[in-house]
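Residues in the sequence shown are numbered from 3 upward in steps of one, following this note's numbering.
This report concerns only the one structure given below.
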Amino acid sequence: MTHPNDRHAGDREFATKLIHFGAEIDEATGASSVPIYQASTFHHFDLEQPPKHDYSRSGNPTREALESYIALLEGGTRGFAFSSGMSAISTAFLLLSAGDHVIVTEDVYGGTYRLLTTVLNRLAIESTFVDMTDFEQVVAARRPNTKALFMETPSNPTLKITDIRRIAAWAKEQELLTMLDNTFMTPYHQRPIELGVDLVIHSATKFLGGHSDVLAGLIVTADEALGRRVKALQNGLGTVLGTQESWLLMRGMKTLQVRMEASERSARKLAQWLSEHPGVARVYYPGLDGHPGKEIHERQSQGYGAVVSFDAGSGEKARRLLGKVRIPIVAVSLGAVESILSYPAMMSHAAMPAEVRAARGITDGLVRYSVGLEDIDDLIRDLTQALEA
């Protein structure tokens, strides 16, 4: 009889891959869930033939199931699981060396900005932030010591769109490493490796985990050689994800498609409603007509996502709104079953100086709404009373 794990997961549709990813059946017992190998070290039965696993920092069966899982979903060769999204991002940037330069999306996540401007700059890794919606700015930012390019599209929190295929093709001509933070879209909506990107990063704390109960980061590499380099960094730095968290993340990922579909349906309705509300100065959502880069986004992504940002008009109005909403939690993070309302100026992008935020369009009135699985009519009624207040 054919073992369930012998069937070719790569030939299946995305929804099927989420459930049947190759390690979903335990080969030893037939259990319908990946076992949690809560072990730090492994017995060597034969010293002449070292075992596959010897120490959990270097490799743990539970974590490796997750790493193979995300590699399958992104269409890459190898996956790696880290203790947080920032741990994954930090490890990716340490592929660079002192004296190297990297070009970065200007309104990148605040934690990435902080890493580049307060940590990596001390290690002589230089960065230039550019508006990647303008290809000429990207080209002009290249220096003789430029070694890599870091994209975030849609960007956080103003949802600017970068033409992934165009940037990746140019970077390959220039022999630059390309990295992309795919947290907002997930591999369900966007698979950057298929568009020419070398390395994809996720804060898996967000949509992949989906339940605000696990902190995790993921990396997928397009080729084996780059995978070996990331593996050496992961093992050398010890920035690995624990076994309990690996199991929780796999559990959350199984429902990724149905969660994303439901949240996106609501996000599209919410964005349209906000765009017609007289108390809202501006709405940012790739699914809205007139959103800059909408056509590019539709060429490279299969959906618009569940994050809607909007400007309440002033910092005072934004803070009043945050105090009046009753359904979404007001918190850092996004991508959960519950809606989350964030205030970038004081949360995700607090590490950016005020003048830098302003230059990137992150105003004091800007709020970011991650739409969860609540009824959209309830969410709209809640925002109605909060905005009127």
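Don't be surprised by glycine CBs; every beta carbon is placed ideally from N, CA and C.
Only a predicted model underlies this, so the values are computations on that prediction, with no experimental measurement involved.
- In the DSSP assignment, the residues bridged to phenylalanine 152 are Val106, Met181.
- Under the DSSP assignment, glycine 374 falls outside any alpha helix (DSSP H); it carries neither an H nor an E label.
- Closest in C-alpha terms to arginine 230, from the list Ser303, Phe82, Asp133, Met134, comes Phe82.
- Residue burial is scored here from C-beta neighbours: serine 58 has at least 16 other C-beta atoms within 10 angstroms and is therefore classed as buried.
- Across the structure, lysine 174 and valine 199 are spaced so that their CA atoms are roughly 9 Å apart.
- Below 8 Å, too few C-beta pairs join the stretch 303-322 and the stretch 128-146 to call them touching: fewer than three.
- Within the stretch 186-251, the alpha helix (DSSP H) runs of at least 4 residues that lie entirely inside it are, in chain order, 188-191, 226-239.
- For isoleucine 163 and histidine 299, the gap between their C-alpha atoms comes out near 6 Å.
- DSSP places valine 36 in the coil class of the three-state scheme, outside both helix and strand.
- For serine 303, no alpha helix (DSSP H) encloses it, and the DSSP letter there is neither H nor E.
- Distance from the CA atom of leucine 276 to the CA atom of valine 282, rounded to whole angstroms, is 7 Å.
- Measuring C-alpha to C-alpha distances from leucine 243 to each of Tyr39, Arg65, Ala30, Asp56 identifies Arg65 as the nearest.
- Secondary structure of tyrosine 57 (DSSP, three-state): strand.
- Taking the C-beta atoms as reference points, leucine 272 is found nearer than 8 Å to tyrosine 371.
- For a cut-off of 8 Å, the C-beta gap from isoleucine 203 to alanine 94 is around 6 Å, short enough to register as a contact.
- Remark: three or more beta-carbon pairs, one from each stretch, lie closer than 8 Å, so the stretch 72-87 and the stretch 209-227 are flagged as touching.
- In the DSSP assignment, glutamate 128 is bridged to His103.
- A distance below 8 Å separates the beta carbons of leucine 368 and proline 159.
- Per DSSP, glycine 325 lies in no beta strand (DSSP E); the unbroken alpha helix (DSSP H) holding it starts and ends at 317-326.
- The beta carbon of leucine 178 sits closer than 7 Å to those of Thr148, Lys149, Ala150, Leu151, all from its chain and outside the five residues before and after it, given in chain order.
- Inclusion of arginine 261 and valine 339 in the CB contact set at 8 Å is warranted, their separation being smaller than that value.
- Separation of the CB atoms of aspartate 366 and serine 316 is rounded to 7 Å, and the pair is thereby assigned contact status at 8 Å.
- In the displayed model, glycine 295 falls within coil according to three-state DSSP, outside both helix and strand.
- Counting of Cβ neighbours within 10 angstroms places proline 146 among the exposed residues, the total staying below 16.
- Taking the CA atoms as reference points, glutamine 176 sits about 10 Å from valine 141.
- Straight through space, the alpha carbons of threonine 185 and leucine 228 are spaced by roughly 21 Å.
- A direct Cα-Cα distance of roughly 10 Å separates arginine 328 from arginine 383.
- Nearest to glutamine 40 by alpha-carbon distance, out of Pro346, Ala347, Trp249, Gln274, is Trp249.
- For the set Ile38, Gly112, Thr31, Phe84, the Cα lying nearest the Cα of valine 358 is the one of Gly112.
- Following the DSSP letters along the chain, one finds valine 358 inside the alpha helix (DSSP H) bounded by residues 356-361.
- If you look at phenylalanine 312, you'll find it in the beta strand (DSSP E) that goes 309-313.
- Secondary structure of alanine 83 (DSSP, three-state): strand.
- Secondary structure of isoleucine 382 (DSSP, three-state): helix.
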